[in-house]
Amino acid sequence: MEWLNAVVQGIMLGGLFALFATGLSIAFGVMRFVNLAHGDLAILGAFVAVSVTSGLSLNPFVSLVVVVPIMLAAGYAMQLGVFNFTISADPLPSILVTFGLGVVIQNALLETYSADSRGLDVGSIEVESITLTDAIAIGWIPLITLAAAVAVLLGLQAMLSRTSLGRAFRAVSDDPATARLMGINDRNLYAVAMGIAFATVAIAGVFLGIRQSFGPTDGPAQLLYAFEAVVIGGLGSVWGTLVGGLLLGIAHGLGGQFEVSFGYGSGPLLGHLVFLAVLATKPTGLLGRRDA
Amino acid sequence: MSEHRVTRSDRQSRFGLATFAVLLAVLALLPWWDSDGSLRVPLVAILYYLALAQMWNLLAGFAGLVSIGQQMFVGIGVYTLLSFAEDFGVDPYLSVLLAGLVAAVLSLPVAALAFRLRGGYFAIGTWVIAEVFRLIALESGFLGGANVRTMTRASLGGYSVDTRNTVTYLLALGLAAGATAIVVLVLRSRLGLALRSIRDNAEGARGLGVSVTRAKLVVWVISAFWTGMTGAVILLHNPSTRAESAFSVLRWTALVVFIAIIGGVGSTTGPIIGVVIYWCVREFLEDAEEWRFIILGLIAAAMAVAAPRGVYGLLQKRWTVQFFPVRRRLVGPGVGAPAPPDEIRTPSQPPK
Amino acid sequence: MTLLEVRGLDAGYGDFQALFAIDVDVAEGETLAVIGANGAGKTTFLRALAGQVPIRAGSVVFDGTDIGAVKAHRRVGLGIALVPEGRMLFGSLSVRENLIIGAHAGREGRWNLDTVLDVFPLIRPLLNRPSHVLSGGEQQAVAIGRALMSNPRLILLDEVSLGLAPVVVKSLYEALPALSEGGATVLLVEQDIGQALAVASRVVCLLEGRVSLEGRPTELARSDITAAYFGMPAGTGSEAAG
């Protein structure tokens with residue numbers, strides 16, 4: 005029963021990982037862009053929510069209405085003003101720019117908010133849960149997080165497959181030069197994609213902040229989890245991202261069972277090992293396209 | 077026999093080599109006139125950062141392996157030294173060599189996994205693997221990474237403080253000079269030619285029988301070996317550590333990357349310029365570590381967009397300088413003026 | 183009326199210059215064929231007109247406006263469409279989506295999904311297929327249809343016949359008059375000289391990046407074309423043309 009509970013809680017945590025992975029997956033899918041500042045942006049989003057909730061005395065859930073548009077605009081501007089200049093056959097400039105950006109965000113947050121841990125307080129719902137059996141109870145917050153992840157991914161899937169924007173994203177992903185011949189402004193489309201990526205990662209950051217305490221230097225760990233979820237699920241697959249997130253969450257949940265004997269690193273360590281096992285045996289991911 | 081030959085040196089690069097030989101000699105003799113160590117002690121950090129930057133430069137600038145996991149080899153070096161010298165009583169200086177060997181051996185399985193990823197995903201993949209090593213060091217009772225561990229007097233052998241400081245300084249100098257020499261030698265070797273052909277056109281290089289993976293693997297192992305030894309020397313210099321600092325991505329990769337980028341990645345001289353700039357920034361912002369990272373990070377990010385070949389690349393645009401003889405040129409009757417200096421030639425991209 | 187006026191055009195990739203001082207006029211409504219051997223610069227010429235290759239010198243005036251500095255994705259809105267060499271359909275898009283995305287620039291005109299399918303009825307049963315399962319000829323029809331969907335005033339066709347069976351080429355070329363009747367001016371690049379001469383009202387021959395011959399097919403001697411194609415003095419190449 006204890007193990008089953010670990011799996012259930014892992015699935016809930018996996019929802020958060022999938023939410024983190026979504027933005028990374030979008031940027032890679034549309035423009036083969038790997039954003040190493042992704043995790044730090046999530047933490048930045050959470051800190052923006054801290055300021056918004058205390059400044060406007062809003063509930064953290066409501067603060068999303070402010071935080072998400074801010075991050076969307078930031079992503080759009082960042083791509084147009086900086087990232088677009090690094091897109092080439094050589095991946096080095098984009099890696100360096102985003103890696104540098106991540107380090108700058110981390111240290112700027114340390115300067116602004118100090119190294120103290122923070123949390124986003126949503127009231128009594130934080131401790132409420134649904135009791136399934138004597139040994140298994142699902143917290144409302146993890147459940148809402150998982151639901152949000154599924155909703156974001158469903159929305160993304162619908163946008164990609166049904167709208168003209170989604171069609172343009174897929175066309176640019178296939179072949180940007182030919183997409184330009186259709187009158188598609190690929191650079192502007194990249195900015196839209198990065199805006200969406202920033203928005204989803206801000207949602208992930210706020211949910212992280214509601215679920216647990218966080219600090220300015222927590223970003224890289226979130227980047228690694230997001231990346232692992234994307235690779236486990238398979239590059240370029242929306243549902244792969246969800247599956248990858250859930251599997252990674254289960255690995256963390258099961259690894260957590262060894263906390264007493266091994267230490268607090270056991271959850272993340274088992275997560276990393278599952279990722280490496282997938283990389284060793286099926287590098288294209290479980291649901292990946294062969295060409296990705 | 078033809079009068080034409082391929083040469084790598086010219087008057088300028090011979091002058092450059094001579095300058096560096098003199099500089100190296102002065103630095104090597106430093107312990108004998110800097111008796112109180114006021115120059116040597118701060119120099120050690122500059123020197124080991126140069127060694128780390130050259131090794132990252134070798135990977136990212138020449139082999140296309142943009143690693144964000146260099147902290148794993150530093151950490152492996154640190155804990156190998158601790159284990160051998162502190163726990164098993166092996167001579168500390170022999171343990172430095174062993175630290176490099178252990179890092180080199182462990183780099184093989186790391187490569188087997190990470191080489192399946194490309195570009196940005198390779199970068200994050202190496203970071204994940206570095207995290208695995210950090211977590212193992214952190215949670216393992218034997219290595220004791222959760223607590224501060226210190227190289228005790230006993231494990232440092234019977235050497236006096238003065239001797240230890242001098243040896244640490246000379247080791248750091250040797251690692252820095254050696255790292256630079258390794259980059260020069262690799263570029264001059266067949267391996268360097270293979271790497272260049274891979275960088276210009278990986279498919280074409282494969283077609284010519286260049287084993288892309290083998291060439292990258294050799295460079296990867298060399299870099300791990302040298303970075304591991306550097307990690308051990310870092311512990312000799314600063315004998316207390318724990319897993320968080322031994323495997324710190326900020327200290328052992330981010331700073332190193334910034335130094336290489338600002339100075340100029342893909343050249344042998346760039347990291348030397350970068351480390352000098354780092355020294356200046358550190359002097360100005362001695363007590364503000366966050367601001368140091370913010371300023372260096374912003375400069376590096378701006379450089380990556382606007383001047384991908386760093387300060388060295390900017391200098392080269394104005395003056396044709398080449399210090400190290402790494403470029404091959406054809407000389408002889410009828411061969412025109414030497415080609416413009418392009419240690420890194422970015423191939424113009426024909427559209428798809 | 184002159185729709186396109188090219189003067190002194192230089193263009194190329196990196197260190198390689200492919201076109202030298204090209205002068206070409208295209209009148210509205212005509213079908214101009216650009217012929218030439220492999221590497222003569224035909225494809226570069228079309229790509230320069232579509233904005234895929236930067237112009238180094240000279241001017242390209244389209245409908246009275248100099249478009250030399252106009253980005254590729256804006257030229258579609260002005261009414262220039264390129265059917266690229268190798269078809270270049272979007273593999274993740276269905277055939278229907280490939281056609282619809284051609285209308286992305288939103289130009290009004292007579293071409294829409296129905297009218298395009300009338301010209302290429304063979305596509306109709308394939309609409310919901312992924313584009314990568316189509317045969318070469320079907321893909322080429324979709325590629326031309328996709329360009330038509332943008333309601334171009336000038337349609338640039340690059341090597342329509344490349345790699346296709348003669349019978350397929352024939353059926354594709356039979357659709358060309360419909361393009362002209364729809365109001366489009368056609369500029370086509372072709373290695374198959376016979377095919378090009380049959381449909382074109384005027385021919386320009388490129389040789390090593392320069393215009394080596396220009397005229398109406400009916401007025402040109404075959405030996406002149408051969409000489410211009412292979413770069414031999416006029417009258418010596420009568421045996422070689424294919």
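Residue numbers (our numbering), protein chains in the order written: chain A, 5 to 296; chain B, 77 to 428; chain C, 183 to 424.
C-beta: ideal position from N, C-alpha, C; glycine also.
All figures in this text were calculated on a predicted structure; none of them were measured in a lab.
- The Cβ neighbour count for Gly-190 (chain C), taken over all protein chains shown within 10 Å, is under 16; the residue is labelled exposed.
- For Gly-391 (chain C), no CB of chain A lies under 8 Å from its own CB, so it is not counted at the interface with that chain.
- Along the region 267-285 of chain C, the positions whose C-beta sits under 9 Å from a C-beta of chain A are Met-270, Leu-271, Phe-272, Gly-273, Ser-274, Leu-275, Glu-279, Asn-280, Ile-282, Ile-283, Gly-284, Ala-285, read in chain order.
- At the C-beta level, Gly-284 (chain C) and Met-186 (chain A) come within 8 Å of one another.
- Assigned with DSSP and collapsed to three states, Thr-135 (chain A) falls in strand.
- Ala-195 (chain A) is outside the set of residues whose beta carbon lies under 8 Å from a beta carbon in chain B.
- C-alpha of Val-252 (chain C) to C-alpha of Ala-232 (chain C): approximately 10 Å in a straight line.
- The straight-line gap separating the alpha-carbon atoms of Leu-158 (chain A) and Phe-211 (chain A) is approximately 18 Å.
- Looking from the CA of Ala-203 (chain C), the closest CA among C:Thr-400, C:Gly-223, C:Ile-217 belongs to C:Gly-223.
- The Cβ neighbour count for Trp-132 (chain B), taken over all protein chains shown within 10 Å, is at least 16; the residue is labelled buried.
- The three-state reading of DSSP puts Gln-226 (chain A) in helix, counting H, G and I together.
- Taking a beta-carbon distance threshold of 8 Å, Gln-234 (chain C) counts as an interface residue toward chain A.
- When DSSP states are grouped into helix, strand and coil, Leu-275 (chain C) belongs to the coil group.
- Secondary structure at Thr-213 (chain C): strand, using DSSP grouped into helix, strand and coil.
- Inside the region 46-104 of chain A, DSSP marks whole alpha helix (DSSP H) runs of 4 or more residues at positions 64-85, from first to last along the chain.
- If you ignore the 5 residues before and after Ala-330 (chain B), its C-beta comes within less than 8 Å of the C-beta of Phe-369, Gly-373, all in its own chain and listed in chain order.
- DSSP places Phe-323 (chain B) outside both helix and strand once states are collapsed to three, so it counts as coil.
- Less than 8 Å divides the Cβ of Ser-121 (chain A) from the Cβ of Phe-218 (chain A).
- DSSP, read as helix, strand or coil, puts Ile-335 (chain B) in helix.
- Just measuring C-alpha positions, the residue of A:Asp-178, A:Ala-153, A:Gly-14 sitting nearest Ser-313 (chain C) is A:Asp-178.
- If you check the CB distance, Ile-47 (chain A) and Pro-220 (chain A) come in under 8 Å.
- A direct Cα-to-Cα measurement between Ser-111 (chain B) and Ala-213 (chain B) gives close to 38 Å.
- Against chain A, the CB of Val-142 (chain B) has a partner CB under 8 Å away; the residue lies at that interface.
- The Cβ of Val-181 (chain B) sits no closer than 8 Å to any Cβ of chain A.
- Here the alpha carbons of Thr-288 (chain A) and Leu-402 (chain C) stand approximately 58 Å from one another.
- The beta carbon of Thr-90 (chain A) sits closer than 8 Å to some beta carbon of chain B.
- Taken through DSSP and simplified to helix, strand or coil, Gly-143 (chain A) comes out as strand.
- If you draw a straight line from the Cα of Gln-377 (chain C) to the Cα of Val-242 (chain C), it is about 27 Å long.
- Only those residues of the region 141-171 of chain A whose C-beta falls short of 8 Å from the nearest C-beta of chain B would be listed, and there are none.
- Taking C-alpha positions only, Gly-238 (chain A) is separated from Leu-252 (chain A) by approximately 13 Å.
- Between Ala-254 (chain C) and the set A:Gly-127, A:Ser-265, A:Arg-184, A:Leu-280, the nearest pair of CA atoms involves A:Arg-184.
- With respect to the C-alpha of Thr-228 (chain B), the residue from B:Ala-378, B:Leu-93, B:Leu-157, B:Pro-118 having the closest C-alpha is B:Leu-157.
- Within the same chain, Cβ atoms closer than 6 Å to the Cβ of Val-278 (chain A) are found at Ala-255, the five residues on either side in sequence being excluded.
- Scanning chain A for C-beta atoms nearer than 8 Å to the C-beta of Val-385 (chain C) yields nothing, as the closest lies near 25 Å away.
- Taking the C-beta atoms as reference points, Ile-335 (chain B) is found nearer than 8 Å to Tyr-354 (chain B).
- DSSP, reduced to helix, strand and coil, places Arg-166 (chain A) within a helical segment of the structure shown.
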